[in-house]
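Trainee: Got a structure for you, questions after.
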Amino acid sequence: MRLKRTDKDDPDFITLVHELNTYLEIADGADHEFYHQFNGIDNLEAVIVGYDQTIAVACGAFRIKKMGQVEIKRMYTLPSRRQQGWAGKILYALEDWARELKNHKSVLETGVNQSEAIRLYPKLGYKRIPNFEPYVGVITSYCFGKKL
């Protein structure tokens, strides 16, 4: 298990994000277009890609939401590599990076159809919080936060 700090232009990250988008198009169904507009990669500050030997199997990123706060984005693990600890390793590495940049809070959003994520984030120290913009009033969104 190897983690690489990189940026939004990393080819392995772009490949994993494409797979994530394909997965979400199915999982989100009719809501996909609404969510997709918030999931571009252009404003990402930091990216982590996880490798099993030379194969990119997981990723995550963050953007600076406001001073001292990051928003975790584009968390994904290949289906064949789930339940192996990749998401936790990626998320903890992103949190460490965010702390290095003097951030003190992490927030994230996941959809109601992402039951694995909804179960995972509390195990990693995240608590359910009121939906933040642009998800305020969106009943299919679950928002979480954590002090870093």
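Numbering (the numbering used here), first residue to last: 2 to 149. Glycine included, every Cβ here is placed at the ideal spot set by N, Cα and C. Since the structure is predicted, the reported quantities are computational estimates derived from the model, not experimental observations.
1) Would you identify the three-state DSSP class for Ile15, choosing helix, strand or coil?
2) Roughly how many angstroms lie between the CA atoms of Lys9 and Pro135, to the nearest whole one?
3) Three-state secondary structure (DSSP) at Asp8?
4) Between Ala165 and Leu79, is the Cβ-Cβ spacing less than 9 Å?
5) Would you kindly work out how many angstroms separate the C-alpha atoms of Thr16 and Arg82, rounded to a whole number?
6) With 16 as the cutoff for other CB atoms within 10 Å, does Arg75 come out buried or exposed?
7) Leaving aside the five residues before and after Asp13 along the sequence, list all residues of the same chain whose C-beta is less than 7 Å from its C-beta, in chain order.
8) Going by C-alpha to C-alpha distance, which of His105, Ile73 and Met2 sits closest to Gln54?
9) Decide if Ser142 is buried, meaning its Cβ has at least 16 other Cβ atoms within 10 Å, or exposed.
10) Do the CB positions of Lys147 and Leu125 come within less than 9 Å of each other?
11) If Glu72 and Val113 are in contact, beta carbons under 8 Å, what's the gap, nearest whole angstrom?
12) Mind checking who Glu72 pairs with in its DSSP beta bridge?
Mentor: According to the structure shown:
1) Translated into positions along the sequence shown, residue 15 becomes position 14. Looking at Ile15 - three-state DSSP - the assignment turns out to be helix.
2) Counting from one through the sequence shown, the residue named residue 9 turns up at place 8. Counting from one through the sequence shown, the residue named residue 135 turns up at place 134. Whole-angstrom Cα-Cα distance: 22 Å.
3) Within the sequence shown, numbered from 1, the residue matching residue 8 stands at position 7. Correct three-state label for Asp8: coil.
4) Nothing in the structure corresponds to residue 165, since the chain is present only between 2 and 149.
5) By 1-based counting over the sequence shown, the position of residue 16 is 15. By 1-based counting over the sequence shown, the position of residue 82 is 81. Rounded to the nearest angstrom, the two C-alpha atoms are 16 Å apart.
6) The residue given as residue 75 occupies position 74 in the sequence shown. It is buried - the Cβ of Arg75 has at least 16 other Cβ atoms within 10 Å.
7) By 1-based counting over the sequence shown, the position of residue 13 is 12. The beta carbon of Asp13 is closer than 7 Å to those of Val50 and Ala57 in its chain, skipping five residues each way along the sequence.
8) Along the sequence shown, read from residue 1 onward, the residue named residue 54 stands at position 53. The shortest C-alpha separation from Gln54 is found at Met2.
9) Taking the first residue of the sequence shown as 1, we reach residue 142 at position 141. With 16 or more Cβ atoms within 10 Å of its Cβ, Ser142 is classed as buried.
10) Here residue 147 is taken as the residue at index 146 of the sequence shown, counted from 1. Here residue 125 is taken as the residue at index 124 of the sequence shown, counted from 1. Yes, the Cβ-Cβ distance between Lys147 and Leu125 is below 9 Å.
11) Within the sequence shown, residue 72 is the residue found at index 71, counting from 1. Within the sequence shown, residue 113 is the residue found at index 112, counting from 1. At roughly 18 Å, the Cβ-Cβ gap does not stay under 8 Å, so Glu72 and Val113 are not in contact.
12) Reading the sequence shown from its first residue, position 71 is the one you call residue 72. In the DSSP output, where bridge partners are listed per residue, Glu72 has Arg64 and Val108.
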